[in-house]
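Step one of this worksheet: look at the structure below.
Okay, here's the thing in structure tokens:
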């Protein structure tokens, strides 16, 4: 069995609008258990589980929780980042729409262990259905005593509010997201201080992705050590994969870490339609590397992916067949990031304008060796000097193709002006 | 719904600005907020108009110019692009006789690009208002537009 359904095990089985369905299928049992545990024991279990953040950066979850727990403040916030805007990702939408209480349960456990007093679920404005389902689910949870004052007679108070985005990719970045919850334009802040020190409304704040929170009830249920047995030593548990592009069976698949890209694309995805040839695969979303077919035996694993100066990302796999022009795809990506740049820092704001100009020269067969040099150095400068994750990760796709598809650049230069 | 009614639904703090703007804009047939309305919201929250304006212009879902009754947003990110989003765009521009960013003369439709709708497994995708349409083909787009045009005369 290639798939391992844990976070997705209730998909299609429970009615997402019914908290009763969730409870009848084992929901909120982990919360009850957690409320009887010492707070530090919960964080220890999460450390034992070796759970890493599922939003893209892969940071160890217990470290952030511990930082928040150590802060002394009358108010501490918990934020669930459901601003899933990275093109090619739709697994958080699936989690929110199919099993809304799972991420809520994870938030409550997290809040209890790290002493958060209020939580926010920030959902992008384009996800209308997920927004209404989550608002409904939060109200139900409050009615049943899982949220609000004195949760399940434990003496612990915690409530959640659903907030809506209004169309800005950069708000998925944690500080930009906090600015947005505060009712401002979503422009990032300079760090440090990190959100666990000074976050939302200047208070200590812990931010995790939807999928990260969804893992917590399972860790409490089975113990951190058992959880750590799933996957690989460096990447434990499962990963939700958003599989799209030129593929026979696109969709969300939950697999243990350690399966290969080829397993997912060929076995679960059924390969490329109409017996065409797979040309390239983009990993993680628009900000991820583009790799050729021969690399598909790569395992889905945080450490393996770091070889690309990249991260696992949030688990998107976008398959492209041999009808597609590399530079057309790169132009889409560069235009996307140029549009989404918030404009605060120079490398990102100005860099995207120049990247677009240079990629167009390659696309339209007008490129010179000097353009290749400019493109390469500009992409690296943006990667190294941009203020936030957007500008740092936006050139990754391009940089990866300068390695794996370098011949295509040289061919374009050679045929420049000779159509 | 009146603006005052919507303002009354939320706590009178600045962090609800985006929620208020979204909520109110939804009630407007042409999906935009006027300068007067912006001013009223600013006064209510006791913040400057420029602050409200900076938020309005930062987020793509807000508009300060009137749009068509139905805003058609077509995704043009890579998963949709590799699934022949081009033919969908062509069908839309031909049928509506406008380019992306324009509004039809009868003020019925505005055509825009949107960022990823998270429907990549059913690409290509577009949204009309709050409704997402997926697995589009040129014929499907024709049928959808005909249905929306029919609504006008109904």
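Protein chains in written order, with our numbering: chain A, 22 to 440; chain B, 93 to 246.
Quick reminder that beta carbons are idealized off the backbone N, C-alpha and C, glycines included.
These figures come from a predicted structure and were not determined experimentally.
Measure the beta-carbon distance from residue i to residue j and round it to whole angstroms, keeping in mind my assumption that it falls under 8 Å.
{"i": "residue 365 of chain A", "j": "residue 399 of chain A", "result": "That belief does not hold up - the Cβ atoms of residue 365 of chain A and residue 399 of chain A are roughly 19 Å apart, past 8 Å."}
{"i": "residue 171 of chain B", "j": "residue 215 of chain B", "result": "5 Å"}
{"i": "residue 230 of chain A", "j": "residue 76 of chain A", "result": "3 Å"}
{"i": "residue 150 of chain B", "j": "residue 206 of chain A", "result": "4 Å"}
{"i": "residue 397 of chain A", "j": "residue 423 of chain A", "result": "6 Å"}
{"i": "residue 225 of chain A", "j": "residue 218 of chain A", "result": "6 Å"}
{"i": "residue 210 of chain A", "j": "residue 196 of chain A", "result": "4 Å"}
{"i": "residue 368 of chain A", "j": "residue 434 of chain A", "result": "25 Å between Cβ atoms; not a contact."}
{"i": "residue 98 of chain B", "j": "residue 112 of chain B", "result": "6 Å"}
What are the partner residues of residue i, as DSSP defines its beta bridges?
{"i": "residue 337 of chain A", "result": "A:263"}
{"i": "residue 301 of chain A", "result": "A:313, A:341"}
{"i": "residue 103 of chain A", "result": "A:144"}
{"i": "residue 227 of chain A", "result": "A:99"}
{"i": "residue 274 of chain A", "result": "A:262"}
{"i": "residue 163 of chain B", "result": "B:202"}
{"i": "residue 252 of chain A", "result": "A:257"}
{"i": "residue 73 of chain A", "result": "A:81"}
{"i": "residue 281 of chain A", "result": "A:320"}
Going by the beta-carbon positions, is the gap between residue i and residue j smaller than 8 Å?
{"i": "residue 260 of chain A", "j": "residue 321 of chain A", "result": "yes"}
{"i": "residue 163 of chain B", "j": "residue 123 of chain B", "result": "yes"}
{"i": "residue 317 of chain A", "j": "residue 282 of chain A", "result": "yes"}
{"i": "residue 98 of chain A", "j": "residue 140 of chain A", "result": "yes"}
{"i": "residue 159 of chain A", "j": "residue 181 of chain A", "result": "yes"}
{"i": "residue 177 of chain A", "j": "residue 56 of chain A", "result": "yes"}
{"i": "residue 263 of chain A", "j": "residue 336 of chain A", "result": "yes"}
{"i": "residue 60 of chain A", "j": "residue 134 of chain A", "result": "yes"}
{"i": "residue 357 of chain A", "j": "residue 211 of chain B", "result": "no"}
{"i": "residue 114 of chain B", "j": "residue 272 of chain A", "result": "no"}
{"i": "residue 203 of chain A", "j": "residue 221 of chain A", "result": "yes"}
{"i": "residue 185 of chain B", "j": "residue 195 of chain B", "result": "no"}
{"i": "residue 293 of chain A", "j": "residue 25 of chain A", "result": "no"}
{"i": "residue 352 of chain A", "j": "residue 381 of chain A", "result": "yes"}
{"i": "residue 235 of chain A", "j": "residue 304 of chain A", "result": "no"}
{"i": "residue 245 of chain A", "j": "residue 126 of chain A", "result": "no"}
{"i": "residue 104 of chain A", "j": "residue 186 of chain A", "result": "yes"}
{"i": "residue 166 of chain B", "j": "residue 229 of chain B", "result": "no"}
{"i": "residue 265 of chain A", "j": "residue 339 of chain A", "result": "yes"}
Mind pulling the chain B residues with CB within less than 9 Å of residue i?
{"i": "residue 293 of chain A", "result": "Those do not exist, as residue 293 of chain A stays about 11 Å from chain B at its closest Cβ, beyond 9 Å."}
Just to make sure I have the definition right: I need the residues of chain A whose C-beta is within less than 8 Å of the C-beta of residue i. Which are they?
{"i": "residue 114 of chain B", "result": "146, 185, 187"}
{"i": "residue 151 of chain B", "result": "146, 186, 187, 188, 189, 206, 207"}
{"i": "residue 111 of chain B", "result": "184, 185"}
{"i": "residue 213 of chain B", "result": "111, 263, 264, 265, 271, 272, 273"}
Chain A partners of residue i, CB-CB under 9 Å?
{"i": "residue 146 of chain B", "result": "205, 206"}
{"i": "residue 154 of chain B", "result": "187, 188"}
{"i": "residue 179 of chain B", "result": "Neighbours of residue 179 of chain B on chain A: none; closest Cβ ~13 Å, over 9 Å."}
{"i": "residue 242 of chain B", "result": "The premise fails here: residue 242 of chain B is roughly 23 Å from chain A at the closest Cβ pair, so nothing lies under 9 Å."}
{"i": "residue 206 of chain B", "result": "147, 188"}
Strictly below 8 Å CB to CB, what residues from chain B border residue i?
{"i": "residue 353 of chain A", "result": "168, 169, 170, 173"}
{"i": "residue 341 of chain A", "result": "170, 174"}
{"i": "residue 303 of chain A", "result": "170"}
{"i": "residue 75 of chain A", "result": "Chain B residues near residue 75 of chain A: none, gap ~16 Å exceeds 8 Å."}
{"i": "residue 137 of chain A", "result": "In chain order: nothing, as chain B lies at least about 17 Å away."}
{"i": "residue 201 of chain A", "result": "110"}
Residues of chain B with a CB under 7 Å from the CB of residue i: which are they?
{"i": "residue 345 of chain A", "result": "174"}
{"i": "residue 96 of chain A", "result": "In chain order: nothing, as chain B lies at least about 14 Å away."}
List, in chain order, every chain A residue whose beta-carbon is nearer than 7 Å to that of residue i.
{"i": "residue 209 of chain B", "result": "147"}
{"i": "residue 222 of chain B", "result": "149"}
My parser needs the beta strand (DSSP E) runs of 3 or more residues fully inside the stretch 167-236 of chain B; what are they?
201-206, 218-220, 223-225
At which residue ranges does the stretch 23-64 of chain A contain complete beta strand (DSSP E) runs of 3 or more residues, listed in the order of the chain?
none
For the stretch 164-189 of chain A, list the beta strand (DSSP E) runs that are entirely contained and at least 3 residues long, ordered along the chain.
180-185
Which runs of the alpha helix (DSSP H) fall wholly inside the stretch 352-401 of chain A and span at least 4 residues, in chain order?
367-384
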